[in-house]
Amino acid sequence: MKNKYLYIETFGCQMNVHDSEQMAVLLADIGYKLVENSQKADLILINTCSIREKAEQKAFSELGRLMKLKEKNPNLIIGFAGCLAQHLGVKVHSRVKNVDLVFGTHNIHRLPEMITDIQKERKKITRIDFSSKIYSLNIFVPPSEGSLCAFVSIMQGCDNYCAYCVVPYLRGPEMSRTPGDILDEIQKLSRCGVKEVTLLGQNVNSYGKNLKHGSNFVSLIKKISDIDGIDRIRFTTSHPKDLSDELIDCFSRVPKLCEHIHLPVQSGSNSILKLMNRGYSTEEYLRKIDRLRSSCPKISITSDIIVGFPGETQKDYQETIDMMEKIRFDSVFSFKYSERKGTAAQKLQGKVTETEKRQRLKELQALQDRHTQEKNTELEESVQELLVEGRSKNSEQDMMGRTRSWKIVNFKGGPELIGKLVNVEITRGYLHSLRGKMIDR
Ligand code: SF4
């Protein structure tokens with residue numbers, strides 16, 4: 024059989040990356056080999072993200088570029104997938120001619136069948152229906168050779184309807200995989216050499232809500248920690264309103280659970296949090312941070328913040344800055360608010376100008392850089408356990424690993440350390456990484 028080549032361009036979050044990996048696994052069964060060069064491909068998939076306007080623009084400009092390949096090769100199949108495909112459906116065909124396939128987030132498992140139909144009949148296909156079952160999440164993605172870390176989706180969708188967010192409309196209602204399916208997948212990953220798993224979901228804290236027999240996120244973490252070969256467990260993302268005391272206690276009681284939590288706060292102003300429909304107040308968020316730090320003093324805390332949400336006054340913005348000063352996050356992903364069609368926030372009054380948003384973001388990021396640098400400097404002379412992931416990007420003589428608190432450390436060492444847990448003494452804290460000296464394995 025002649026080799027057929029597949030090229031996938033992925034935009035957006037880790038969930039999308041994982042979806043693309045699943046697409047590659049499914050298409051390998053019908054003879055497609057993944058390549059890194061679109062020129063060579065017989066099938067091109069663009070896996071899109073719709074969370075931010077910028078990602079949407081990038082996806083369409085990439086689609087336009089790839090369409091030129093189709094002019095040279097009419098047999099080339101081009102598919103548009105992911106959140107944006109889910110959102111636009113058939114409109115993609117009228118916006119860009121010659122797209123063969125548009126399919127949404129619940130139709131990944133149908134990919135081989137859809138591609139076979141296109142090959143036979145050269146027809147255009149659009150599949151954006153939601154399914155009431157989790158098919159796609161149960162597709163096993165073998166880790167690439169030598170890979171020590173893997174992502175495991177434990178749920179899909181979201182029921183929260185934050186006012187700025189399109190995810191509930193594009194990924195459907197929240198559904199959790201069964202603990203049995205998740206544990207089977209992690210056992211397989213462990214047999215392939217994986218040592219660290221990151222559990223993925225839009226809101227992992229509410230895992231199990233739709234399952235019978237009382238499964239919840241805490242019981243899942245405890246079962247995963249019993250799997251031989253898995254040394255480290257992480258998870259993302261957590262919704263502050265669903266972060267329970269029981270889960271907080273896991274950071275001190277489950278040794279394999281790494282001391283890091285990504286807990287998006289989005290704003291430090293109660294009136295903005297209310298407009299965002301986040302379901303907690305600044306005071307409640309601060310209490311959870313105190314609780315986390317008293318249960319696990321070494322925990323690193325990262326967050327997401329949006330500036331310039333409609334109605335955000337200078338006073339609201341200042342409250343966010345004050346909250347950041349109180350908490351001193353380890354790092355923050357910060358963004359200017361961008362309007363998404365169909366969300367509740369689109370109808371809100373009090374739009375903040377681009378200039379104001381830019382200015383607020385700049386100040387906020389400067390403050391966060393100061394906090395990150397201080398936090399990293401505080402780690403100097405401490406001993407940190409690293410899982411060595413590979414060579415450092417900075418130097419041939421250096422290796423790179425991550426601390427349990429999710430910080431990158433570069434240190435002198437050889438490739439024989441890859442996959443090992445080693446202890447290093449931190450000699451220097453920089454803004455984006457740490458420097459260390461290995462003291463033992
Ligand atoms: S929790 Fe809110 S921000 Fe996160 S995916 Fe759900 S709706 Fe979007």
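Quick note on the working numbering: the sequence shown kicks off at 24 and runs consecutively. From the three backbone atoms N, C-alpha and C, an ideal C-beta is built for every residue, glycine too. Keep in mind the model is a prediction, meaning the values are calculated, not measured.
Check: N433 C-beta below 7 angstroms from any heavy atom of the ligand SF4: Residue numbering aside, residue 433 sits at position 410 when the sequence shown is read from its first letter. Result no, Cβ not under 7 angstroms from the ligand SF4.
C185 versus E76: straight-line alpha-carbon distance, rounded: Within the sequence shown, the letter at position 162 stands for residue 185. Within the sequence shown, the letter at position 53 stands for residue 76. Using only the alpha carbons, I get a separation of about 17 angstroms.
Whole-number beta carbon distance between C281 and R427, since they are thought to touch under 8 angstroms: Taking the first residue of the sequence shown as 1, we reach residue 427 at position 404. Taking the first residue of the sequence shown as 1, we reach residue 281 at position 258. About 4 angstroms separates the two Cβ atoms, so the contact holds.
Buried versus exposed call for A368 [16 or more other C-beta atoms within 10 Å across all chains shown]: If you number the sequence shown from 1, residue 368 lands on position 345. The residue is buried, with at least 16 neighbouring Cβ atoms inside 10 Å.
Coarse secondary structure for G87, derived from DSSP in three states: Residue numbering aside, residue 87 sits at position 64 when the sequence shown is read from its first letter. Reduced to three states, the DSSP call for G87 is helix.
Per-residue DSSP class, three states only, for M346: The residue given as residue 346 occupies position 323 in the sequence shown. It is helical.
Reduced DSSP secondary structure (H/G/I, E/B, other) of I53: For the purposes of this step, residue 53 is taken as the residue at position 30 of the sequence shown. Looking at I53 - three-state DSSP - the assignment turns out to be coil, as it is neither helix nor strand.
Residues bridged to T149 [DSSP beta-bridge criterion]: In the sequence shown, residue 149 corresponds to position 126, counting from 1. T149 is bridged to V125.
Given S170 as reference, the closest of P263, V113, C215 and S415 once Cα atoms are compared: As a first step, residue 170 is located in the sequence shown; it is residue number 147 there, counting from the start. Out of P263, V113, C215 and S415, C215 has the C-alpha closest to the C-alpha of S170.
Expected contact under 8 angstroms - CB spacing of Q289 and G334 to nearest Å: Position 266 of the sequence shown, counting from 1, holds the residue named residue 289. Position 311 of the sequence shown, counting from 1, holds the residue named residue 334. No, Q289 and G334 are not in contact; Cβ-Cβ is about 13 angstroms, not under 8 angstroms.
Limits of the unbroken alpha helix (DSSP H) element including V190: Locating residue 190 in the sequence shown gives position 167, where the first residue counts as 1. Unbroken alpha helix (DSSP H) run through V190: V190 to R194.
Near the ligand SF4: H262 beta-carbon under 7 angstroms from a heavy atom: In the sequence shown, the residue the question calls residue 262 occupies position 239. Because some heavy atom of the ligand SF4 lies under 7 angstroms away, the Cβ of H262 counts as near it: yes.
Host beta strand (DSSP E) of S323 (start-end): Taking the sequence shown and counting its residues from 1, the one referred to as residue 323 is at position 300. Residues S323 to V330.
Which of helix, strand or coil DSSP assigns to H285: Against the sequence shown, residue 285 aligns to sequence position 262. Strand at H285.
Pocket of the ligand SF4 (residues with CB nearer than 6 angstroms to any heavy atom), chain order: C181, N183, Y184, C185, C188, V190, P191, Q225, N226 and H262
Which of helix, strand or coil DSSP assigns to Q225: The residue labelled residue 225 in the question sits at position 202 within the sequence shown. Three-state result, Q225: coil.
Proximity of L440 and M422 at Cβ, strictly below 8 angstroms: Along the sequence shown, one-based indexing puts residue 440 at 417. Along the sequence shown, one-based indexing puts residue 422 at 399. Result yes, Cβ atoms of L440 and M422 sit closer than 8 angstroms.
Per DSSP, the bridge partner or partners of V220: Counted from its first residue, the sequence shown places residue 220 at position 197. In the DSSP output, where bridge partners are listed per residue, V220 has A173 and I256.
L124 burial status per 10 Å Cβ neighbour count (16 or more: buried): Locating residue 124 in the sequence shown gives position 101, counting from the first residue. Buried.
K311 to I324 span [Cα, whole Å]: Taking the first residue of the sequence shown as 1, we reach residue 311 at position 288. Taking the first residue of the sequence shown as 1, we reach residue 324 at position 301. Roughly 11 angstroms separates the two Cα atoms.
Beta-bridge partners of K435, as assigned by DSSP: On the sequence shown, position 412 is the one that residue 435 refers to. BP columns for K435 point to D421.
Limits of the alpha helix (DSSP H) - the one that Q382 falls within: Within the sequence shown, numbered from 1, the residue matching residue 382 stands at position 359. Unbroken alpha helix (DSSP H) run through Q382: E377 to E401.
Nonlocal neighbours in the same chain, by C-beta distance under 8 angstroms from E348, ignoring five residues either side: Taking the sequence shown and counting its residues from 1, the one referred to as residue 348 is at position 325. Here the set comprises L390.
Rounded distance between the beta-carbons of F163 and K235, thought under 8 angstroms: Sequence index remark: in the sequence shown, residue 235 carries index 212 (1-based). Sequence index remark: in the sequence shown, residue 163 carries index 140 (1-based). With a Cβ gap of about 24 angstroms, K235 and F163 do not count as contacting.
With 16 other Cβ atoms within 10 Å as the buried cut-off, status of P196: The count along the sequence shown starts at 1 and reaches residue 196 at position 173. Classification of P196: exposed, given that the 10 Å Cβ count is below 16.
Sub-8 angstroms separation of T260 and L193 beta-carbons: Taking the first residue of the sequence shown as 1, we reach residue 260 at position 237. Taking the first residue of the sequence shown as 1, we reach residue 193 at position 170. Going by C-beta atoms, T260 is not nearer than 8 angstroms to L193.
Separation of Y303 from I350, as counted between CA atoms: The residue you call residue 350 lines up with position 327 of the sequence shown. The residue you call residue 303 lines up with position 280 of the sequence shown. Looking at the two C-alpha atoms, the distance is approximately 16 angstroms.
For V445, the first and last residue of its enclosing beta strand (DSSP E): Your numbering for residue 445 matches position 422 in the sequence shown. Segment L444 to G452, the beta strand (DSSP E) holding V445.
E408 - DSSP class collapsed to helix/strand/coil: Walking along the sequence shown from the start, residue 408 turns up at place 385. Reduced to three states, the DSSP call for E408 is strand.
Euclidean distance between Cα positions of L111 and N233: As a first step, residue 111 is located in the sequence shown; it is residue number 88 there, counting from the start. As a first step, residue 233 is located in the sequence shown; it is residue number 210 there, counting from the start. Their backbone Cα atoms lie some 28 angstroms apart in a straight line.
Simplified DSSP state of G365, which is helix, strand or coil: Along the sequence shown, read from residue 1 onward, the residue named residue 365 stands at position 342. Coil, per DSSP.
Meets three-Cβ-pair contact criterion under 8 angstroms: the segment 44-60 and the segment 79-88: no
Own chain residues within Cβ distance below 8 angstroms of L454, not counting five before or after: For the purposes of this step, residue 454 is identified with residue 431 of the sequence shown, where counting begins at 1. The answer, listed in chain order, is D392, T395, Q396 and N399.
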